[in-house]
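Residue numbers (our numbering): 235 to 847.
Take a look at the structure below.
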Ligand code: G6P
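Spelled out as C-alpha cells, the structure:
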C-alpha cells in the first residue's frame, strides 16, 4: 500500500542518489502503481526538484528523464491511491508553498480535513486532494516558530492522527531526511556513508542488508553518517537493534523469468525445502505448539492467501490434533474479539507481517490477554515483533503481488505446528510423527514434480478457459481451502471471475449459473473412496447441466465419469496434497493472465502489503 524510500549519501559513498532511488523504488512497486514520484536535492544547485506523474515507475522515469539528474539525497514514492484520484497532482512527493519541503507518505491522515482548514486559514495554498500534502505545509508552518527544523518536524507529527510512514526532505538541510512511523511499516537500512529509510526490505538490498525495523511512534532523522531515533521525546539506542537479513539482492530480482510471479512459482521446490530445514532445525514450531497446547481456545486469522493457509491449518488441526480451531478473516476481528481471553491463542498468519487488519486482530486479542503466534515471512516485521512466538517461513522476498510461494510455505509451517501438537497431545505417536516429518521433507520435491508434470496440460487448459467469463472451483475436505486459493489466484491476475465453493454446497445456489460450457474445476485433494464418490456425484450434476468439467487432483479423480479435462498429481498422502495441487493451479492463473495480455505481477487495484483498513 504505497511504497516509500529515501536515501542520503556522502558523495564518496554514492556518486548519485538518483540511480539508487529509481532502483529502490522499483523494488517497492508491488505496493502500488497508480503513480510515482521523486524529490531530491540536485547535486549542482542544491535545489529541491520534484518529478512525478500518474502511471508506473518506468513510465514516470522515462517521461521526466529522471536518471539524467544528479541528486545527493532524495525521496521517492509509488502510490496506491486512497485519497484523491491517481493523477499527477495527487502523486507524491507533495511540496509546501515555499518549494523547499517535500514529503512522501504511506498511510492515511484521518484528520487531514481539519488540518487543511487550519493551514488554509494561515494562507497555505494546496495543490492536491491528498491527505499527505498537509504534512509539508504543517512543517512549513512550524518552521516559522521553531528555530530547529527537527522541532518543527516533531510538532508536525504530533498533529497527525491516523497511520503513517513519512519521509520528509527539507532543502535547507540537504543531507538530512526526517522520518516518522505510526502503524505503517518503515525500516532503516544502515550503510557506510549512506543511510536509507524505506517501506520494505527488497528496496534496501542493493546497498545493505543491515536493517532497523522502526517501532510504532518512533521518529527521527538520517544523514549519511548518522541515524537518530526518538520515542516520546527520548533518544533511543538502535545499534543493538540492527538485524542482518539473509535475503540476497538476486532473491529480489527476476533472474531471467519474464515475471516475478512465474519465478516465485518455480522457486517453490527450493523455498519449501528451506522452510522445512529451517523449521526442523529450530525451536519455532515446538514453541508455538506449546503455546497452543496451553490454550483452551485456538483462533487463526489472516487476509487473502494467508487466511486460506489458516483454513488449511484448521483442517489439519482437526484431522491430526483433534483440536478445534476458529478461523476468521482478519478484517472481521471485531466479531470475534469478545471470545478472546487469557485462555485463547491466536495464530496470526501474514506473509509481510504488516497487514493492518491482521495487526489489529492481533492487538485486539492481545489486549484481552490472548497469546499470539505469528506465522510470517519477513523478519523483524511488526506482526512477529508484537507476538509471543514466531514461526518464520523461509520463502525469501515475494515481489509478485499475488502470493504464491509464501502460501505453500505457510501451509508447511502450519502443518508442522498441527503435527507437533498432535504428538504433544498423544494423538500421533513419536514414530508416526517421525514418519510424517519424513513425508513433509518431500514437499518441495512434490511441488517440483507437480510443476513439471502439469505444464503442458495447463497450457492447453488456458486455451480452453481464456475466453470464459466465469469459473467455479469446487472441492471437498482439504480441497475446499485449496479451491479458495486457486479461485483467488485466477481472479486476481487474469480478471476472470472465479469463485470457490465446497462442492456439496454448490447445489445451494451456484449451480443455477451452470449452462453449456461453464467451466468447473474440481480440486481432488482427499484420497479416500468416500470423497471420491461424493465428488463423482457433483461432477455428474454439473455435467448434466452442460458444464465443462476439469479435475486437478489425485489420479483417481481424473478417472471419474464425466470429466472433460484432467490434471493428475499421482497418488499423494493427504499431507502432501497441497504441494502437488496448488502449483498447477497457480500456473494456470499465471498463464491465463499472460495469454490475456495482463501483467500478473501488478494486478490492477491490488497491492501486496495492505496497510490501510
Ligand atoms: C494482499 C495481497 C495478498 C495477500 C494479502 C495478505 O491482499 O495482495 O497476496 O495474501 O494481502 O497479506 P499478508 O502479507 O498479510 O500475508
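Ideal placement from N, C-alpha and C gives every residue a C-beta, glycine not left out.
Since the model is a prediction, treat every value here as computed from it, not as a measurement.
Span of the alpha helix (DSSP H) around residue i
i: residue 820; result: 811-829
i: residue 669; result: 664-674
i: residue 520; result: 518-528
i: residue 599; result: 590-601
i: residue 493; result: Note, residue 493: premise wrong, no alpha helix (DSSP H); not H, not E.
i: residue 260; result: 251-260
i: residue 287; result: Segment 282-288 is the beta strand (DSSP E) holding residue 287; no alpha helix (DSSP H) there.
i: residue 392; result: 383-392
i: residue 641; result: 639-658
Beta-carbon spacing of residue i, residue j below 8 Å
i: residue 325; j: residue 635; result: no
i: residue 237; j: residue 262; result: yes
i: residue 413; j: residue 424; result: no
i: residue 659; j: residue 527; result: yes
i: residue 755; j: residue 730; result: no
i: residue 582; j: residue 596; result: yes
i: residue 435; j: residue 817; result: no
i: residue 639; j: residue 502; result: yes
i: residue 584; j: residue 617; result: yes
i: residue 243; j: residue 458; result: yes
i: residue 256; j: residue 301; result: yes
i: residue 779; j: residue 733; result: no
i: residue 859; j: residue 245; result: Outside the displayed span of the chain (235 to 847) sits residue 859, for which this structure offers no information.
i: residue 416; j: residue 365; result: no
i: residue 645; j: residue 707; result: no
i: residue 680; j: residue 822; result: no
i: residue 647; j: residue 609; result: yes
i: residue 769; j: residue 799; result: no
i: residue 336; j: residue 284; result: yes
i: residue 397; j: residue 362; result: no
Burial state of residue i (16 or more Cβ within 10 Å)
i: residue 806; result: buried
i: residue 586; result: buried
i: residue 569; result: exposed
i: residue 593; result: buried
i: residue 835; result: buried
i: residue 795; result: exposed
i: residue 479; result: buried
i: residue 439; result: buried
i: residue 674; result: buried
i: residue 297; result: exposed
i: residue 341; result: buried
i: residue 308; result: buried
i: residue 652; result: buried
i: residue 701; result: exposed
i: residue 281; result: exposed
i: residue 429; result: buried
i: residue 605; result: buried
Where the beta strand (DSSP E) containing residue i begins and where it ends
i: residue 237; result: 237-243
i: residue 733; result: 731-736
i: residue 339; result: 335-343
i: residue 369; result: Here residue 369 belongs to no beta strand (DSSP E); instead the alpha helix (DSSP H) covers 367-377.
i: residue 300; result: No beta strand (DSSP E) contains residue 300, which DSSP labels as neither H nor E.
i: residue 446; result: 444-447
i: residue 625; result: 623-626
Local conformation of residue i per DSSP, three classes
i: residue 613; result: coil
i: residue 460; result: strand
i: residue 468; result: strand
i: residue 476; result: coil
i: residue 312; result: strand
i: residue 708; result: strand
i: residue 554; result: coil
i: residue 453; result: strand
i: residue 788; result: coil
i: residue 416; result: strand
i: residue 499; result: helix
i: residue 321; result: coil
i: residue 406; result: coil
i: residue 606; result: strand
i: residue 695; result: helix
i: residue 485; result: helix
i: residue 632; result: coil
i: residue 536; result: strand
i: residue 276; result: strand
i: residue 352; result: helix
i: residue 397; result: strand
Interface flag, residue i vs chain B, CB-CB below 8 Å
i: residue 565; result: Judged by its chain identifiers, the structure shown contains no chain B, having just a single protein chain.
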